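S.K.: Listed in order, the protein sequences are those of chains W and U. For the first sequence, position 364 (counting from the first letter as 1) is numbered 364 according to my numbering, and the numbering increases by one without interruption. For the second sequence, position 184 (counting from the first letter as 1) is numbered 1184 according to my numbering, and the numbering increases by one without interruption. There's a structure below that I have some questions on.
There are 2 protein chains.
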Amino acid sequence: MWGHQSAARLPDAYPQFFSRGEGCRLWDADGREYIDFMCAWGPMVLGYRDADVEAAVDAQRQRGNGLNGPTERLVELAELMVETVPHADWAMFQKNGTDATTACAMIAREATAKRKLLLATGAYHGAVPWCNPYPNGATAEDRAHVIRYEYNDDASLERAAAEAGNDLAGIFVSAFKHDLGKTHQRPNQSFAAAARNICDKTGAALIVDDVRAGFRLHMGGSWELVGVRPDLSAWSKAIANGYALGAVTGNEKFREAAGRIFVTGSFWCGAVSMAAALASIRKMKDIGAVDMMQRMGQRLRDGIAAQARSHGVALQQSGPVQMPVILFENDDDRRKGWLFCTEALKRGIYLHATHTMFLSAAHTAADIDRTLEATDAALAEVARQFA
Amino acid sequence: MWGHQSAARLPDAYPQFFSRGEGCRLWDADGREYIDFMCAWGPMVLGYRDADVEAAVDAQRQRGNGLNGPTERLVELAELMVETVPHADWAMFQKNGTDATTACAMIAREATAKRKLLLATGAYHGAVPWCNPYPNGATAEDRAHVIRYEYNDDASLERAAAEAGNDLAGIFVSAFKHDLGKTHQRPNQSFAAAARNICDKTGAALIVDDVRAGFRLHMGGSWELVGVRPDLSAWSKAIANGYALGAVTGNEKFREAAGRIFVTGSFWCGAVSMAAALASIRKMKDIGAVDMMQRMGQRLRDGIAAQARSHGVALQQSGPVQMPVILFENDDDRRKGWLFCTEALKRGIYLHATHTMFLSAAHTAADIDRTLEATDAALAEVARQFA
């Protein structure tokens, strides 16, 4: 098994294979049931097998999926993205987050005729050589024009931009700092303003990588929360409630360059995923899915904070409440973190000790309360073993 | 519209949007019906909305698609690929052809700790900077370690390998030479043997890019036809009858390296596409889909050849009969080719003048005969206008 879904990266108790999902619950290949806080690593945002999304999928499947060109769903979805996302004057669609971030890099370089891309140290933007967090199978040249800066550090960003000089094509920023195993941080106002300002001065593209966070923090794009609008955004995970889709949105300034690059894939025009996205985005707006996830995320955070105090366990919860990470104090080897998660797993709750977790609109107060019963027992075990 | 599905690259008569597919027929957004010889640019191989594939999709959708890890479908599909493809000792799955070719490049470099990749001039291996046929949005460094050779030219391949010296990671070969607008050529025996021999001597990976041709020429991989087995193969289009999937198969020599690279995508473990692939590959074997496509492709080729002679139009049909390209003599500006296709289009037949076309197992003798009525009229018009 490869990539982020390899259970070899997880404690032994974690299952590698799954058999079924329904709402916020999933079942492993041995039939064990879990309340899921990974949500298929993000894509599941309304619940597994959401009835409205599946109905749209059924309807589209009666007509067709991949044909010799797109269906009208593509136009409808591009219009919906432009209507929903304030910075967007156009949209194009792919299959994965990496497709979307790579297309953003190409558009930025094509538009500016410059080469340097600024990426934050430790930020994840995909799993191909130009941005892969692991060097295996890549060459030095794949990253020849990547310059690193520290997220939320204006001075470091300014230094990176100065190093790029007049060869700056774009600045990639994660929706928020969500590096693996690190405290999650929202972008601070001065950092966001500095990024926007450098791009305005140089003509470089400000690119928000909203693959992980898109449609979970704000329907208009995550940086609406700091009031800064990007030139380009990359979207994927939560766009179609689990159906394979990526998207790039952009403003007028980058429209022509987006039309000049050659990017494509055999399945990029598949209408079923687009029908799923239309149904999913409309439903998220209708039911106020972001608010729902925030309320349940806050309930979980408050509950765990109280339990941690009561057990005398020092931990830190960070990230937006609907995309949390829980890190234990003095736990560099993650023994506390994985003990906590394993104890929760035994009690039917699927958590992760180092990666961003995800709430969905299918998590109810009863699900959170059931979860808190398990985390209370898990924290008791952490307290006992690390007393 | 971007990429290969942009109708801006086609004559005005060609529709941009489609509404429906069924068997070998598709309908554009204005309701016009066509017998389709592009097959969604390859993926449709058993017919749009094939009942058996759709039943497998229905069954899987009742259980789930993307979960926190793969379902048992992944194991079943890997086993089926290994059983079906003689060179394969293992398989891994992605979403697009470009994902698969890029993973092959990474595996070759990781396994050999070398960098140079040999690619044939004009060969298409995907739409990202390291292999994109168009330079827009790429930097020179993206191709720093790519060396070109001429397909089917042993001496040119030997020269390219010599240029790589002791830094040769892999040789990419298309299943056959299917460059846009060029005569298609099967790999000749001495070229195939030379490629295998260089890799055996140097330890480099012989990589067959079977994205376009895979499962249309031979169920065991296209190079079974020349009796040469690759180390790695990239698969995508025809693997799941239109559902989004890519695959890499490899032999034991490259297994460990494949496990050491980090490649992943949010939707790569989606079980619905894998269920579709299982049903599609099994059905293709059961019904002898390759033979069916060959018989219908031969019927089409013979018919058009006879018509061309009778109209006194000089044309060349090349490529395997089930993946043909039809090029007219003295037609550098493609006016004859696109006139032919446009006249056929008016008569309900969807052809392409420069790209590989595709037969499917859903094309019947009656469909081919109906097509030949249209091509006869279209060739008459070519003869009339270019007399």
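Cβ atoms here follow ideal geometry from the backbone N, Cα and C, with glycine treated the same way. Keep in mind that this is a model prediction, so the values were computed, not measured.
For the alpha helix (DSSP H) containing residue 326 (chain W), name the first residue and the last one.
M.R.: Note, residue 326 (chain W): premise wrong, no alpha helix (DSSP H); beta strand (DSSP E) at 325-328.
S.K.: Using a Cβ distance threshold of 8 Å, determine whether the stretch 1004-1015 of chain U contacts the stretch 47-65 of chain W, with at least three qualifying pairs required.
M.R.: No, the stretch 1004-1015 of chain U does not touch the stretch 47-65 of chain W.
S.K.: Residue 340 (chain W) by DSSP, collapsed to three states: which one?
M.R.: Here residue 340 (chain W) sits in helix by DSSP.
S.K.: Checking 9 Å against the spacing of the C-beta atoms, do residue 1096 (chain U) and residue 1272 (chain U) come in under that value?
M.R.: Result no, Cβ atoms of residue 1096 (chain U) and residue 1272 (chain U) do not sit closer than 9 Å.
S.K.: How should residue 1424 (chain U) be labelled, buried or exposed, when 16 other C-beta atoms within 10 angstroms of its C-beta is the threshold for buried?
M.R.: The question about residue 1424 (chain U) has no answer, for chain U in this structure spans 1001 to 1387.
S.K.: The beta strand (DSSP E) that contains residue 246 (chain W), what's its start and end?
M.R.: Unbroken beta strand (DSSP E) run through residue 246 (chain W): 246-250.
S.K.: Note down, in chain order, all residues in the stretch 1134-1164 of chain U with a beta-carbon under 8 Å from any beta-carbon belonging to chain W.
M.R.: Under the 8 Å Cβ criterion, the stretch 1134-1164 of chain U contributes 1134, 1136, 1137, 1138, 1139, 1141, 1142, 1144 and 1145.
S.K.: When the Cα atoms are used, what is the spatial distance from residue 1161 (chain U) to residue 1118 (chain U)?
M.R.: If I take the Cα positions, the gap works out to 7 Å.
S.K.: Taking residue 206 (chain W) and residue 171 (chain W) to be in contact with their CB atoms under 8 Å, please state how far apart those CB atoms are, rounded to whole angstroms.
M.R.: So it is a contact: roughly 6 Å between Cβ atoms.
S.K.: Listed in chain order, which residues of the stretch 68-102 of chain W have Cβ atoms closer than 7 Å to some Cβ of chain U?
M.R.: Going along the stretch 68-102 of chain W in chain order, one finds 68, 69, 70, 71, 72, 92, 95, 96, 97, 98 and 102 with a Cβ nearer than 7 Å to chain U.
S.K.: Residues in its own chain within less than 8 Å of residue 82 (chain W) by CB, not counting five upstream and five downstream?
M.R.: Taken in chain order, the residues that qualify are 88, 89, 90, 91 and 249.
S.K.: Answer with buried or exposed for residue 1109 (chain U), where buried requires no fewer than 16 other C-beta atoms within 10 angstroms of its C-beta.
M.R.: Under this definition residue 1109 (chain U) is a buried residue.
S.K.: With distances taken Cα to Cα, identify the nearest neighbour of residue 1235 (chain U) among U:1113, U:1200, U:1020 and U:1103.
M.R.: Cα-wise, what sits closest to residue 1235 (chain U) is U:1103.
S.K.: Residues in its own chain within less than 6 Å of residue 322 (chain W) by CB, not counting five upstream and five downstream?
M.R.: Within the same chain, residue 322 (chain W) has close Cβ partners 216, 293, 294, 297 and 359.
S.K.: How about residue 278 (chain W) and residue 80 (chain W): do their beta carbons lie closer than 9 Å?
M.R.: Yes, the Cβ-Cβ distance between residue 278 (chain W) and residue 80 (chain W) is below 9 Å.
S.K.: Any beta carbon from chain U within less than 9 Å of residue 269 (chain W)'s own beta carbon?
M.R.: Taking Cβ atoms only, chain U reaches closer than 9 Å to residue 269 (chain W), which makes this a yes.
S.K.: Listing by chain order, which chain W residues have their CB less than 9 Å from the CB of residue 1049 (chain U)?
M.R.: Simply 61, 62, 63, 64 and 65.
S.K.: Check each residue of the stretch 1023-1055 of chain U: if its Cβ is closer than 9 Å to any Cβ of chain W, include it; give the result in chain order.
M.R.: The residues in question are 1026, 1027, 1028, 1029, 1034, 1036, 1038, 1039, 1040, 1041, 1042, 1043, 1044, 1048, 1049 and 1054.
S.K.: Looking at residue 1169 (chain U): is its Cβ nearer than 9 Å to the Cβ of residue 1204 (chain U)?
M.R.: Their beta carbons are under 9 Å apart, which means residue 1169 (chain U) touches residue 1204 (chain U) by this criterion.
S.K.: Is residue 1209 (chain U) close to the ligand MN? I mean its beta-carbon at under 8 Å from any heavy atom of the ligand.
M.R.: Among the components of this structure there are no ligands whatsoever, and the ligand MN is therefore not found.
S.K.: Which whole-angstrom value describes the C-beta separation of residue 136 (chain W) and residue 1038 (chain U), a residue pair presumed to lie in contact below a C-beta threshold of 8 Å?
M.R.: Not a contact, Cβ separation roughly 37 Å.
S.K.: Grouping DSSP H, G and I as helix and E and B as strand, with all else coil, what is residue 1238 (chain U)?
M.R.: The answer is helix: DSSP assigns residue 1238 (chain U) an H, G or I state.
S.K.: Among W:252, W:320 and W:338, which has the Cα closest to the Cα of residue 107 (chain W)?
M.R.: For the residues W:252, W:320 and W:338, the minimum Cα distance to residue 107 (chain W) belongs to W:252.
S.K.: Considering only the beta carbon of each residue, do residue 243 (chain W) and residue 43 (chain W) sit closer than 9 Å?
M.R.: Yes, the pair counts as a contact, with Cβ atoms nearer than the cut-off.
S.K.: State the DSSP-derived secondary structure class of residue 1359 (chain U), mapped to helix, strand or coil.
M.R.: Coil, per DSSP.
S.K.: Sorted by chain position, which residues of the same chain lie with C-beta nearer than 6 Å to residue 381 (chain W)'s C-beta, five sequence neighbours on each side aside?
M.R.: Cβ within range, chain order: 343.
S.K.: Is the beta carbon of residue 175 (chain W) closer than 9 Å to that of residue 223 (chain W)?
M.R.: Yes; because the gap between Cβ atoms is below 9 Å, this pair is in contact.
S.K.: I want to see whether chain A comes within less than 9 Å of residue 1335 (chain U), judged by CB atoms only; does it?
M.R.: No chain A is part of this structure, whose protein chains are labelled W and U.
S.K.: Would you report the Cα separation of residue 313 (chain W) and residue 181 (chain W), rounded to the nearest angstrom?
M.R.: Distance between the alpha carbons of residue 313 (chain W) and residue 181 (chain W) is about 18 Å.
S.K.: With which residues is residue 1082 (chain U) paired in a DSSP beta bridge?
M.R.: According to DSSP, which records beta bridges pairwise, residue 1082 (chain U) is partnered with nothing at all.
S.K.: In terms of DSSP beta bridges, what is residue 1205 (chain U) paired with?
M.R.: DSSP lists U:1170 as partners of residue 1205 (chain U).
S.K.: Between residue 1003 (chain U) and residue 341 (chain W), what straight-line distance do the alpha-carbon atoms span, to the nearest angstrom?
M.R.: C-alpha separation (whole angstroms): 44 Å.
S.K.: Taking 9 Å as the cut-off, decide whether the C-beta atoms of residue 53 (chain W) and residue 336 (chain W) are in contact.
M.R.: No, the pair does not count as a contact, with Cβ atoms beyond the cut-off.
S.K.: Given this structure, state the Cα-to-Cα distance separating residue 1157 (chain U) from residue 128 (chain W), to the nearest angstrom.
M.R.: In a straight line, the C-alpha of residue 1157 (chain U) is about 27 Å away from that of residue 128 (chain W).
S.K.: At a Cβ threshold of 9 Å, is residue 109 (chain W) touching chain U?
M.R.: Chain U contact via Cβ: present.
S.K.: Below 8 Å on the Cβ atoms is my contact criterion, and I expect residue 325 (chain W) with residue 184 (chain W) to pass it. Report the Cβ-Cβ distance as a whole number of Å.
M.R.: The Cβ separation is near 5 Å, so the contact holds.
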